[in-house]
Amino acid sequence: MTTEHADAVKPLRHYFTLLAALLILLAISVGSALLPLGPFNVTINLAVSGLMTYLVMASFMHETAARRLTWLTAVTGFIWLAILIGLALADYLSRSPVPAPWH
Amino acid sequence: MSAIDTAALPAPNFLARDDSLIAWLTTRDHKRIAILYTLGITFFFFLGGAAATLVRLNLIEPTGTLLSAATYNKSFTFHGVVMVWFFLLPSIPVTLGNFLLPLMIGARDLAFPRINLASWYLYMLGGLFTIAALLAGGVDTGWTFYTPFSTMFANSNVYLVVIGVFVAGFSTIFTGLNFIVTTHTMRMPGLTWFRLPLFVWAMYTVSLVMVLATPVLAMTLALIGLERGAGVGIFDPALGGDPLLFQHLFWFYSHPAVYIMILPAMGVISEIVACFARRRVFGYTFMTYSMLGIGAVGFLVWGHHMFVSGQSLYAGIIFSLLSFCVAVPSAIKVFNWTATLHKGDISFDAPMLYALGFIGLFMFGGMTGLILAAPALDVPLHDTYFVIAHFHYVMVGGSVMAYLGGIHYWWPKITGRLYSEGWARFAAILMFFGFNLTFFPQYMLGYLGMPRRYHSYLPEYQLLNILSSAGASILAVAYLLPIAYLLWSLRYGARAGDNPWNARGLEWQTSSPPPLENFTRRPTVREAYAYDETAP
Amino acid sequence: MSDAATVAADHGHDGIEEHFDDASQQREAAAFGMWVFLATEILFFGVLFASYTICRVLYPQGFAVASRHTDLVLGTIETVVLLTSSTLVMLGLRALQLDRRRAATALLGSTAALGFAFLVLHGFEYYREYTERLIPGLNFHQEGPQARAVELFFCLYYAITGFHSLHVLIGATLILILTVRVARGAFGPRRHTTVELTALYWHLVDIVWLFVFPLIYLIGRAG
Numbered sequence: 305m306t307t308e309h310a311d312a313v314k315p316l317r318h319y320f321t322l323l324a325a326l327l328i329l330l331a332i333s334v335g336s337a338l339l340p341l342g343p344f345n346v347t348i349n350l351a352v353s354g355l356m357t358y359l360v361m362a363s364f365m366h367e368t369a370a371r372r373l374t375w376l377t378a379v380t381g382f383i384w385l386a387i388l389i390g391l392a393l394a395d396y397l398s399r400s401p402v403p404a405p406w407h
Numbered sequence: 000m001s002a003i004d005t006a007a008l009p010a011p012n013f014l015a016r017d018d019s020l021i022a023w024l025t026t027r028d029h030k031r032i033a034i035l036y037t038l039g040i041t042f043f044f045f046l047g048g049a050a051a052t053l054v055r056l057n058l059i060e061p062t063g064t065l066l067s068a069a070t071y072n073k074s075f076t077f078h079g080v081v082m083v084w085f086f087l088l089p090s091i092p093v094t095l096g097n098f099l100l101p102l103m104i105g106a107r108d109l110a111f112p113r114i115n116l117a118s119w120y121l122y123m124l125g126g127l128f129t130i131a132a133l134l135a136g137g138v139d140t141g142w143t144f145y146t147p148f149s150t151m152f153a154n155s156n157v158y159l160v161v162i163g164v165f166v167a168g169f170s171t172i173f174t175g176l177n178f179i180v181t182t183h184t185m186r187m188p189g190l191t192w193f194r195l196p197l198f199v200w201a202m203y204t205v206s207l208v209m210v211l212a213t214p215v216l217a218m219t220l221a222l223i224g225l226e227r228g229a230g231v232g233i234f235d236p237a238l239g240g241d242p243l244l245f246q247h248l249f250w251f252y253s254h255p256a257v258y259i260m261i262l263p264a265m266g267v268i269s270e271i272v273a274c275f276a277r278r279r280v281f282g283y284t285f286m287t288y289s290m291l292g293i294g295a296v297g298f299l300v301w302g303h304h305m306f307v308s309g310q311s312l313y314a315g316i317i318f319s320l321l322s323f324c325v326a327v328p329s330a331i332k333v334f335n336w337t338a339t340l341h342k343g344d345i346s347f348d349a350p351m352l353y354a355l356g357f358i359g360l361f362m363f364g365g366m367t368g369l370i371l372a373a374p375a376l377d378v379p380l381h382d383t384y385f386v387i388a389h390f391h392y393v394m395v396g397g398s399v400m401a402y403l404g405g406i407h408y409w410w411p412k413i414t415g416r417l418y419s420e421g422w423a424r425f426a427a428i429l430m431f432f433g434f435n436l437t438f439f440p441q442y443m444l445g446y447l448g449m450p451r452r453y454h455s456y457l458p459e460y461q462l463l464n465i466l467s468s469a470g471a472s473i474l475a476v477a478y479l480l481p482i483a484y485l486l487w488s489l490r491y492g493a494r495a496g497d498n499p500w501n502a503r504g505l506e507w508q509t510s511s512p513p514p515l516e517n518f519t520r521r522p523t524v525r526e527a528y529a530y531d532e533t534a535p
Numbered sequence: 582m583s584d585a586a587t588v589a590a591d592h593g594h595d596g597i598e599e600h601f602d603d604a605s606q607q608r609e610a611a612a613f614g615m616w617v618f619l620a621t622e623i624l625f626f627g628v629l630f631a632s633y634t635i636c637r638v639l640y641p642q643g644f645a646v647a648s649r650h651t652d653l654v655l656g657t658i659e660t661v662v663l664l665t666s667s668t669l670v671m672l673g674l675r676a677l678q679l680d681r682r683r684a685a686t687a688l689l690g691s692t693a694a695l696g697f698a699f700l701v702l703h704g705f706e707y708y709r710e711y712t713e714r715l716i717p718g719l720n721f722h723q724e725g726p727q728a729r730a731v732e733l734f735f736c737l738y739y740a741i742t743g744f745h746s747l748h749v750l751i752g753a754t755l756i757l758i759l760t761v762r763v764a765r766g767a768f769g770p771r772r773h774t775t776v777e778l779t780a781l782y783w784h785l786v787d788i789v790w791l792f793v794f795p796l797i798y799l800i801g802r803a804g
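Listed in order, the protein sequences are those of chains A, B and C. Each residue of the first sequence is one higher than the one before, counting from 305 in the numbering used here. Each residue of the second sequence is one higher than the one before, counting from 0 in the numbering used here. Each residue of the third sequence is one higher than the one before, counting from 582 in the numbering used here.
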């Protein structure tokens, strides 16, 4: 494990590029939301969010001299959330509606 | 701790240094924190047991005249809440885990000692809120807090209990976080992952489950509070919300929670069986992967609590299949313990008696879990005493016996004293007998159709209920006996040497009790369970 | 073989805790501990995202109607604010690594300020929703066939943004405290783990918002 001052300091340019990229992605997300793209709207939005998340995490992980373990920790959190959403949706999406007798 | 004659113990040990109350309450020593936790755990065990006593006394009569229906509901709710969150879930990890994890990896303490102390304070604070709920009149929702009852119709003491459990949940998260980081970063040089004792693997695996599951409980409880208090509700059908959503969220946590209860027990059993059969644990690698498998697959099965709730049939089938799968690693472990015992040089000391009891009762309870995992069988058995018998077999016949086995096994190491082996064996056997008399009739009651959480029942169930309550009285005695002879040993018990069981493992390479920094000489790392080598 | 040397570590006053072998182990443990904590936060907020997903699957049109009641402009500005603050905190850490104390103080202070600005903007949102009678349990009253789903949406909206704002408040406060400590010279090129870990927490708060924003503000905006 590297010690603190062994991390290479990145030039300022790197951070401005990162911010610019994030803001452009935000513009894409908001802009595409104004267009009628049906189910692709939410797909694009979430894909953009995912990409922005990756950029923030990768950029920051570089700062702390990342290890596979930290990536695994973060990814595990997301996978477990996917389990919760996925299996719960499996219930909701496969229910046959039983209308009340008076309907 | 003047009950222990610390002057007679090898100095300098962690008990003898600075004996004041303030020193204990501000300690950062994982060993002292483990003892602080043991006091809390024991207190809540008997508190939950008192609630159970009320329940079983009421059930002697079919008309349930001892308690009113409302009081009965509050009794089983309190029993469940206290036993699940303030006894079973923390038990082995916060007592034995806290004490032993650093010792077993050759470390001086856990990674975050202050967070460890904070976790104890959170645990006690959570317990205080729960007791406050009791004093305010109690809660009658059942430990499962199903909506819409908990969010709309139950009395407002629900807030106090929900806060108590929420706070205790953070105690669990802190403990789990501490154990994970400690195991990854503080193993002594040469101690690779596959040289670790299975108890350490168990603590590590259970910590993974703790940190992934408990946050979900925390938010779900917060949502109960929000819906009840602020009308901000997603479980309310009038709004288009779904009460079943609560059940999904609740059981996503609460099913892995039962694996949080059993995994540490499995770790303890592996240690005890190896030592008292004088053999390496059979299939060590399978044992480690099985624990990880139980921890992971355990997150995929929660819908088996909801087969009859209105959940879709197809989801039910998926959950049922996955529930069958999760039994496989557990079975592998039972086979491996049995293989370890085979041709072993077995001595029937109290820890081994508890371990043998565990293996039989856990297996039995586990198999009845498979029965419940089949949706067709669950339809008549859901919410009957069959379910109650099932989970008490695995949690009480399993986890509690393993906890007591572990307490007895490591008692000499923790306190430097030997307990009375005769009394301990008697208590273990009495407990096995009392346990089966209490809970086996409940399988039959469930099969015959007696519903759970009812304060009265049909007269034809009375004989089995009386047998069960009689068994409970024997069980109560069996639980009180260790309190007596263990406390007695603190003052009058014979001095224990470093390694009275001639066991393997780093914790036995230091004095009993250990010094403050755990080791005065660097311990020797070798393969786990080197029982075929003569010197420890 | 076991040697007779003591294993008690005597670190004196070099900032390493007794139970660690060396600074590298301490730092590794602290960083890993923070990442494990962040994983728990993903699951903590995840409950709200899961609930949202299920409710939206059940009521897609209602959610679209409801989302149009949220303030897209304010929401977008809030996103820009948080993204900028994440960048600034990274720059502040960089300044610490380069031993530029005044720059670090200014950058971290700006991060905290942006955090508080986020809360103020959100406050304006809440106020506007109050005047439009969109707060369940308080004054919710909407007309139309989707009214129930709109109320459900706003229940989720307040739960999600409420917990998120709480985390923003905690994060901004911590960064403010750190700003003061940085100004007093408590951290430097060799000692800034606490700032690093707090910045990690701040990034998590940002990342949660990156998912909250499209799910709350960007449904049904087309045409």
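Built from N, CA and C at the ideal position, the CB exists for glycine as well. A quick note: this is a predicted structure, and the numbers were derived from the prediction, not measured.
query, result
"Beta-carbon neighbours of GLN310(B), restricted to chain A and to distances below 7 angstroms", "ASP395"
"CA-to-CA distance, ILE179(B) to VAL280(B), given in whole angstroms", "23 angstroms"
"Contact list for ILE387(A) against chain B, beta-carbon separation under 7 angstroms", "PHE298, LEU299"
"Segments of 4+ residues assigned as alpha helix (DSSP H) that fall wholly inside the region 427-502 of chain B", "461-491"
"Inter-residue Cα distance where the pair is LEU537(B) and ARG802(C)", "Here chain B comprises residues numbered 0 to 535, so residue 537(B) is not present and cannot be evaluated."
"9 angstroms Cβ cutoff, MET218(B) in contact with chain C", "yes"
"Alpha-carbon spacing of ASP395(A) relative to VAL476(B), whole angstroms", "46 angstroms"
"Every unbroken alpha helix (DSSP H) inside the region 711-777 of chain C [4 residues or more]", "728-764"
"Beta carbon proximity, ALA640(C) to chain B, threshold 9 angstroms", "According to the sequence shown, residue 640(C) is Tyr rather than Ala. Closer than 9 angstroms: yes."
"Member of LEU733(C), GLY656(C), SER605(C), TRP616(C) whose CA lies at the smallest distance from the CA of THR380(A)", "TRP616(C)"
"Within chain A, partners of HIS784(C) - CB distance below 8 angstroms", "VAL360, MET361, PHE364"
"ARG416(B) in three-state terms, based on DSSP", "strand"
"Neighbour list for ALA803(C) in chain B, Cβ cutoff strictly below 8 angstroms", "Neighbours of ALA803(C) on chain B: none; closest Cβ ~24 angstroms, over 8 angstroms."
"Any 3 or more C-beta pairs closer than 8 angstroms across the region 469-489 of chain B and the region 48-64 of chain B", "yes"
"Coil, strand or helix - THR357(A) by DSSP", "helix"
"Residue closest to PHE431(B), alpha-carbon to alpha-carbon, out of LEU447(B), LEU380(B), SER472(B)", "SER472(B)"
"Cβ pair count under 8 angstroms reaching 3, the region 20-34 of chain B against the region 446-453 of chain B", "no"
"Chain-ordered neighbours of ALA314(B) on chain A, where CB pairs are closer than 7 angstroms", "ALA394, ASP395, SER398"
"Short CB-CB distance (under 9 angstroms) between PRO101(B) and chain C", "yes"
"Residues within the region 710-742 of chain C neighbouring chain B, beta-carbon criterion of under 7 angstroms", "PRO717, GLY718, ARG729, ALA730, GLU732, LEU733, CYS736, LEU737, TYR739, ALA740"
"Exposed unless 16 or more other CB atoms sit within 10 angstroms - verdict on HIS722(C)", "exposed"
"Sequence-distant residues of its chain with Cβ nearer than 7 angstroms to ALA201(B) (five each side left out)", "LEU262, PRO263, MET265, GLY266, MET290"
"Simplified DSSP assignment, three categories, for VAL383(B)", "The identity of residue 383(B) in the sequence shown is Thr, whereas the question assumes Val. Note: THR383(B) maps to strand in three-state DSSP."
"Contact set between the region 101-126 of chain B and chain C, restricted to residues whose Cβ is under 9 angstroms from the partner", "PRO101, GLY105, ALA106, ARG107, ASP108, LEU109, ALA110, PHE111, PRO112, ILE114"
"Chain C within 9 angstroms of ALA404(A), Cβ atoms only", "no"
"Per-residue burial, MET218(B) [other beta carbons within 10 Å of its own, 16 or more giving buried]", "buried"
"Any chain B beta carbon closer than 9 angstroms to GLN678(C)", "no"
"Buried or exposed (CB count within 10 angstroms, at least 16 for buried), ALA527(B)", "buried"
"Residue interval of the alpha helix (DSSP H) (run including VAL579(B))", "In the structure displayed, chain B extends from 0 to 535; residue 579(B) sits before or after that span and is not available."
"Closer than 9 angstroms to chain A by CB, PHE318(B)", "yes"
"Residue span of the alpha helix (DSSP H) that contains GLN607(C), given as start and end", "604-639"
"Closer than 9 angstroms to chain C by CB, ASP348(B)", "no"
"Contact with chain C by LEU447(B), beta-carbon distance below 9 angstroms", "no"
"When VAL386(B), GLY292(B), VAL300(B), CYS324(B) are compared against ASN388(A), the one with the closest alpha-carbon", "Per the sequence shown, the amino acid found at residue 388(A) is Leu instead of Asn. If we check each option's Cα against that of LEU388(A), VAL300(B) comes out closest."
"Any chain C beta carbon closer than 9 angstroms to ALA502(B)", "no"
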